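Single-structure report; data block below.
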């Protein structure tokens, strides 16, 4: 069997060992060396060109059904984090009775144990439902903070269990309640509500910087789970209706140097991974707006005309 | 008509104007925001995903026939450089009777005029034939220095007319005679033979650094004009026959950070754009060998065993 292996950055170091194992079983194996940001970002162009029978995507749960001539296998990567740190988190959470817990797919198998721990310490624990991209209750993705947002009205605080700030930041921005991060690897517990204010300020800054924009570049990624040409077309019509110019700019993973080489655009509007507008907006010469931020820009433009 | 426009980096600034013109004619237009390195690097995955009727590729001559469901139009970009600088070059070239002239597709329309100038100053001018990727006699590409190499035995010196060092460096490394660059935009004339020694030293360094390598990663690009899985398979078999490990690593444009995240490889072997092994070898933690350099490494390994 011809097999293409795809790993996210943190798991790429396992690629060689895995490839060797599959080769010993008689398969012909290729390794994708491209960045991989999630199951929204399957190595489809590579798999097609290599005419493989199977794409094995590591580290992420299935994002949506993808129909191709080859089969797609998702191998999740579970990490058993030490839960001793939970004991220490009680002090941080003592004021909050009702809490939600969210995590990434790496620790989703530990969620029930975490829930039981907090219940044993007299918390009411809520596990929210994702909006539709994440696969499991309590799981969050860069583009799906539903597991936190869906219970924001009920709980007194949110708790993210896992590594990094990429995932909790998405959930933080989709909620209003106090937000705590329990990072089992670094042994770090932190309240991160302040980031909401930072991001809100950056968002206001981007909107104000775009009020005079005349030429908008709308970013469309061809990644399987990020391609949204319909939204791009709607935004284009809205921009043009306001008397401005809009063009649709297409890439797989955006190279921000190449994007800026287009030079002509006063602002970009993101329709791909929603995190591009929050995380990458300092990597371009022009602001990168979310669709919502664009609509606010167009509203201000209209108000200014009257 | 649905049209995708693709521009090399230096011409991306013209994208918006061109898109607007085509839209005014009633077309639906998209702009590729990806890096574009040549006609070997058509935005095929983007064009397929967008289901366009036509891909218009600017700035490069056709590289090879590509069969897709959409049509592909190549629009060359000719720049009329000021030829006054040729007068000054005569002093540099006074010792050489027989010269070859090479240039890029941007100035190929000026080649006959340049030839006539030198002939009027008593030079014998040779215009070589490309190996097969470049389209015109006298034209050079990053991967096709045939127009210089094919007349290296005949001429006393080579002259490159045009911008940048990327193109003449390829021709320089494929020849042995004195090599002059006439850069009409910067008004610069320079003899660049010294670079041959630098590159030769770097090549020796890479070979020596790879002699103890056990695990080789073979780079395969899925770009239309760079995909060479057959060569990759041959190299893999050669490496394995020497008792080492080889895996095939696949990407469109290689992201060297992601490549290095694989961590396991002691050396890379390039089968994509040949210039990756000469230009990008300092961007990775492990040396990037050309196929020829790999064969030399394997030969040294064999000799050391005896």
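Protein chains in written order, with our numbering: chain A, 723 to 1028; chain B, 723 to 1028. Backbone N, C-alpha and C define an ideal beta-carbon position, used for all residues, glycine too. None of the values given here were measured: they were computed from a predicted structure.
{"Check": "Are residue 969 of chain B and residue 751 of chain A touching if we call contact CB-CB under 9 Å?", "Outcome": "yes"}
{"Check": "Quick one: is residue 768 of chain B near chain A, going by C-beta distance under 9 Å?", "Outcome": "yes"}
{"Check": "In angstroms with no decimal places, state the Cα-to-Cα distance between residue 741 of chain B and residue 727 of chain B.", "Outcome": "8 Å"}
{"Check": "Is it buried or exposed for residue 832 of chain B, if we count other Cβ within 10 angstroms and need 16 for buried?", "Outcome": "buried"}
{"Check": "Check whether the stretch 969-982 of chain B touches the stretch 934-948 of chain B, taking contact to mean three or more Cβ pairs, one atom from each stretch, closer than 8 Å.", "Outcome": "yes"}
{"Check": "Can you find a C-beta in chain B that's less than 9 Å from the C-beta of residue 755 of chain A?", "Outcome": "yes"}
{"Check": "If distances are taken between C-alpha atoms only, which option among B:901, B:796, B:992 comes closest to residue 944 of chain B?", "Outcome": "B:992"}
{"Check": "Use the C-beta contact count for residue 766 of chain A: other C-beta atoms within 10 angstroms, 16 or more gives buried, fewer gives exposed.", "Outcome": "buried"}
{"Check": "Less than 9 Å between CB atoms is the rule here; does residue 1013 of chain B satisfy it with respect to chain A?", "Outcome": "no"}
{"Check": "How would you list, in chain order, the residues of chain B whose beta-carbon sits under 9 Å from the beta-carbon of residue 793 of chain A?", "Outcome": "Those do not exist, as residue 793 of chain A stays about 18 Å from chain B at its closest Cβ, beyond 9 Å."}
{"Check": "Residues of chain A with a CB under 8 Å from the CB of residue 1095 of chain B: which are they?", "Outcome": "Past the edges of chain B, shown from 723 to 1028, lies residue 1095 of chain B, and the structure says nothing about it."}
{"Check": "Return the chain-ordered ranges of every beta strand (DSSP E) run that is complete within the stretch 960-1028 of chain B and spans a minimum of 3 residues.", "Outcome": "967-973, 989-992"}
{"Check": "Kindly provide the ranges of any alpha helix (DSSP H) runs that are 4 or more residues long and lie completely inside the stretch 796-845 of chain A, ordered along the chain.", "Outcome": "807-814, 833-842"}
{"Check": "Just to confirm the assignment, what range does the alpha helix (DSSP H) spanning residue 872 of chain B have?", "Outcome": "Unbroken run through residue 872 of chain B: none, as it is neither H nor E."}
{"Check": "Per DSSP, residue 848 of chain B forms a beta bridge with which residues?", "Outcome": "B:822"}
{"Check": "Looking at the secondary structure, which residues open and close the beta strand (DSSP E) in which residue 879 of chain A lies?", "Outcome": "879-883"}
{"Check": "Pair every Cβ in the stretch 864-878 of chain B with every Cβ in the stretch 995-1005 of chain B, then say whether three or more of these pairs are closer than 8 Å.", "Outcome": "yes"}
{"Check": "Which value, in whole angstroms, describes the spacing of the CA atoms of residue 836 of chain A and residue 855 of chain A?", "Outcome": "23 Å"}
{"Check": "So does the stretch 977-988 of chain B actually touch the stretch 891-905 of chain B, counting three or more Cβ pairs closer than 8 Å?", "Outcome": "no"}
{"Check": "Helix, strand or coil: how does DSSP classify residue 767 of chain B here?", "Outcome": "helix"}
{"Check": "Pair every Cβ in the stretch 821-828 of chain A with every Cβ in the stretch 841-850 of chain A, then say whether three or more of these pairs are closer than 8 Å.", "Outcome": "yes"}
{"Check": "Along the stretch 984-1004 of chain B, where does the CB come closer than 7 Å to a CB of chain A? Name the residues.", "Outcome": "984, 985, 986"}
{"Check": "From what residue to what residue does the alpha helix (DSSP H) around residue 927 of chain B run?", "Outcome": "916-931"}
{"Check": "Compute the beta-carbon to beta-carbon distance between residue 756 of chain A and residue 980 of chain B, rounded to the nearest angstrom, for a pair I have assumed lies under 8 Å.", "Outcome": "6 Å"}
{"Check": "Counting only C-beta atoms, is residue 747 of chain B closer than 9 Å to chain A at any point?", "Outcome": "no"}
{"Check": "Hey, would you say residue 763 of chain A sits closer than 9 Å to residue 946 of chain A, going by beta carbons?", "Outcome": "yes"}
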